[in-house]
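Numbering of the sequence shown is given in this note's numbering, commencing with residue 152 and proceeding in unit increments.
For every residue, glycine included, the Cβ atom is placed at its ideal position computed from N, Cα and C.
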Amino acid sequence: MVLRKVQCTRKHNIPYFVDSTWLDTDGLAANYPFSRHKLEHKSNAGCLQARLDWIKHVGPVSEFGACNPINGNLIAVILPYCVPERLYAAAYVTECEAPYAFLADAFDKNIHSSSLYARHQAWAATQDQSHPSHYPVGHSETVSQRFHNLSPGQKQVFAKAMFQLGSFGEDWPERFEKSLRMMAIRDLYDTSKDFNFLEDFLEYRALDLGASFGELLMMFGMDIKLNSDERRKVRDISQAYSITTTLTNDYLSFENEYKKHVNTTGTTFISSIWLLSRLHNVDLDTAKCIAKDEIIRYENRLLELCKHFRRANSILSRSLDQYIQGMIYLVSGNVLWSLNCPRYHAQYRYDPNAGLEEVLTSDNFPRIMGLPYKAAEGKCHGITIFSGTTESKLSNNLTAHDSFGSGSTFPTPQTSLAGPSTQASSLKSAYFDSRVNYTASLSSQGIHDNFIDALNVWFRLPTLSISQLKCLSNRLHTASFLRDDMEDAYGLEKSRVATHKVFGIAQTINSANYSITEALDEARHMDCPHALEIVLGGLLDIQVGQSYRLHWTRHAACPSEQEYLEMVHKSTLFRMLAKLVMSHSTNRNRAKATSKELARLFGIYVQIFHEYQKLRSAEVMLTVYCLGRDGGAFTLPLVHALNKDPGDTQLREVLFYRRERGSLSPAHNHMVLEQLKCAESLVYTKKILESLHNRIKTFIEVLEKVFGIENWIMRRLVQSLET
């Protein structure tokens, strides 16, 4: 038998083993075990809360999600060994897939620069280019446009889902976001009608399998961590699972999906069943029979791979052992759930937003449903089917605190000299655009966009105003990025050559000035009489802050901590963006001072956080500085160390040396880090960050009370920056 018992330290981790003799699986998963989580009601609660949040923030939901009162919640049957504390979050994230357009669209704007997109392009280049439909079929909008089309409510639900994942530490939100980006790319570039072999289609659908959503969900639920070597070892198993699941989902959901396709005009139907019908020139029923045979073949292949893996690795780590076990249940649970889930089968449908909540989420769910969980692990039991119709509402029992600490006080010409000639009118912004596009590939603008989205939860701006604000913000961020690299003489940015090292100082200055001019022009056209005044005031503050930073760097003059914090406050965009958001809103008089203080603290926190991240380990520091990133600018750890012992000349001498030589050697940087450690400056900086983080969270709670709206976008943004 390929399976071994997963080591369970808590009784709730021992699942209910389903007797498969009563199941009519149509021959699927014949050699697989079936199980059901003992605390299924937690997964039902997560699904139902996700639907209620969607209804609250977005609108009605017509699709059915993961709940299945008969064979079990999808999470309960594909993750029977899920850590109990993670059931709710796993179900919440999965339920967001019900309105699938939302899930597929929830990714960042930089999709076209991703390695996955590059891999798709490389794959497409090997295909017959005489077929134009190798490129996006049925999708007139780009990936980035689809992201911008997300509503504020959709972003709220997505942020709440990621926030819950982030509460378990690690990098789960980032990994799930990456997985969703890949799902979206696959959907955007699916071209099944151009494939001549099923294997090619399945291989393409299995693109970048290591981060597939189901596999990632299993690793999160079971708290499995694999290192790079272990990931390499299980790659074939991962691929076999992905192909098996793709075929199985197409097979079991075909009638439902085909019916929706027929009833919806202008859609492209993507399915292995449809492909087999075309390739073999047979009707759909025959194609389904062919597909079933292929599913069984791939199911058996997965089992053989797992058996071989165990034979070849007699001693497995806990993570690998659980991974193999988890992959088996991903396949069997998917079949078990699909047999009678309301999502695929109309005869089992009920009101998805009311009717069974009280039963599905009750602590007594196993008893009510007649599920015998009392037997020891390893024994099988039958299921007593129960259906009920009771109504209740789920409530979010989050609390907010009333008190909070007080913060510390701190147009382009269209004519030429030659007149309106054809040659003059042909001068466009192509040269500028090439520099800005290169810079955009280096910088990270998402934090400003997310901050605007977060404030918009409270201040409710029109969609056009939000787009204008983001455009303005990105242009100012680009200008700041171009300028800072030149002023600090950075040669590399994220292991790539800085813009001024590619295009030269003069052209880079031109691009920075053009970006600022465009931002001012954007402000001039905003539907707010004070927008231009706010932007000009913000730019003046930024210039003043930067002037102090440059002066301190050039003269190796260490500021006081208060001066440093004031410089940081003036140099960031966040307070200016907060003013612009409030100036556009009818809610601008509500908690105005609190919102500005939140923006001030957040801007300071972001700057210090990035400084701390670069210096938190000797390896990181030496890598960064060896890449030429020793600009010599003062950071909070350096300011603390110099002010703590003014008589210590060693650090000051290094700063003078840096000014004279233009850079520091790895040995010098290592010495600086040792000095910072001796002065406990990194420890001090972390304490400052923790204090700021707590104050920011308190301000968020206060504003949530004032506006009566929980801001999951802001919560997730702050959570993503925890030290």
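Indicate whether residue i and residue j have their beta-carbon atoms separated by less than 8 Å.
i	j	result
Lys306	Ile864	yes
Leu316	Pro324	yes
Leu203	Leu511	no
Leu398	Ile441	no
Leu671	Leu683	yes
Phe364	Ser404	no
Leu238	Lys193	yes
Ile667	Ala630	yes
Phe185	Leu487	yes
Arg128	Arg867	The displayed coordinates of the chain run from 152 to 874. Any statement about residue 128 would go beyond what the structure contains.
Glu408	Ala180	no
Val757	Leu606	no
Leu481	Tyr392	yes
Asp98	Ala830	Shown here, the chain extends from 152 to 874; a query on residue 98 therefore has no answer.
Phe610	Met733	yes
Glu924	Gly197	The shown model of the chain, from 152 to 874, leaves out residue 924, and the question about it has no answer.
Ile759	Leu787	yes
Taking residue i as the reference, which of the options has the closest Cα?
i	options	result
Ala792	Val857, Asp692 and Ser711	Ser711
Leu840	Ile851, Ile755, Gln826 and Gln473	Ile755
Lys411	Ile598, Asn378, Asp387 and Ser213	Ser213
Val244	Phe314, Ser871 and Tyr167	Phe314
Ala750	Thr737, Ile759 and His720	His720
Ala744	Ser483, Arg726 and Asn491	Arg726
Asn862	Phe807, Ser746, Ala241 and Lys837	Ser746
Glu350	Val853, Ile394 and Ile388	Ile394
His599	Arg611, Pro613 and Gln619	Gln619
Met677	Leu731, Asn664 and Gln713	Leu731
Leu426	Pro493, Phe352 and Ser698	Phe352
Gln826	Ile421, Ser318, Leu806 and Gly320	Leu806
Gln498	Asn219, His844, Ser832 and Trp205	Asn219
Phe348	Lys376, Leu430 and Gln390	Leu430
Leu174	Glu354, Gln801 and Leu490	Leu490
Asp472	Arg383, Val686, Ile375 and Val433	Ile375
Gln694	Glu714, Ser624 and Arg634	Arg634
Straight-line CA distance for residue i to residue j?
i	j	result
His628	Ser662	12 Å
Glu855	Val608	10 Å
Phe346	Ser423	10 Å
Glu236	Leu728	38 Å
Thr874	Ile656	36 Å
His819	Leu716	26 Å
Asn794	Ala708	11 Å
Val869	Ser470	30 Å
Phe753	Ser816	33 Å
Ala784	Trp703	8 Å
Lys439	Ile617	48 Å
Asp799	Glu762	23 Å
Leu453	Tyr835	52 Å
Asn400	Leu612	41 Å
Arg626	Glu669	7 Å
Asp692	Met333	41 Å
Leu435	Ser428	6 Å
Arg187	Pro166	6 Å
Cys679	Gly688	15 Å
Arg494	Ser379	37 Å
Asp170	Leu833	57 Å
Asp387	Gly696	54 Å
Asn515	Ser318	27 Å
Lys765	Leu190	42 Å
Where does the unbroken beta strand (DSSP E) through residue i begin, and where does it stop?
i	result
Ser186	Phe185 to Arg187
Val413	Here Val413 belongs to no beta strand (DSSP E); instead the alpha helix (DSSP H) covers Phe405 to Asn414.
Phe168	Tyr167 to Val169
Kindly indicate the opening and closing residues of the alpha helix (DSSP H) around residue i.
i	result
Tyr474	Arg469 to Ser489
Phe215	Note, Phe215: premise wrong, no alpha helix (DSSP H); not H, not E.
Phe346	Counting along the chain, Phe346 falls outside any alpha helix (DSSP H), and DSSP gives it neither H nor E.
Val732	Phe725 to His735
Phe420	Looking at the DSSP string, Phe420 is not in any alpha helix (DSSP H), and its letter there is neither H nor E.
Glu861	Neither: Glu861 is in no alpha helix (DSSP H) and is coded neither H nor E.
Arg751	Lys743 to Leu766
Glu445	Leu435 to Ala463
Below 7 Å, is the gap between the Cβ of residue i and the nearest heavy atom of the ligand ADP?
i	result
Ala830	With respect to the ligand ADP, the structure offers nothing, as it holds no ligand at all.
Counting Cβ pairs, one atom from each stretch, are 3 or more of them under 8 Å apart for the region 368-376 and the region 456-468?
No, the region 368-376 is not in contact with the region 456-468.
Sufficient close CB pairs (3 or more, under 8 Å) joining the region 227-235 to the region 460-479
With the cut-off at 8 Å, the region 227-235 and the region 460-479 touch.
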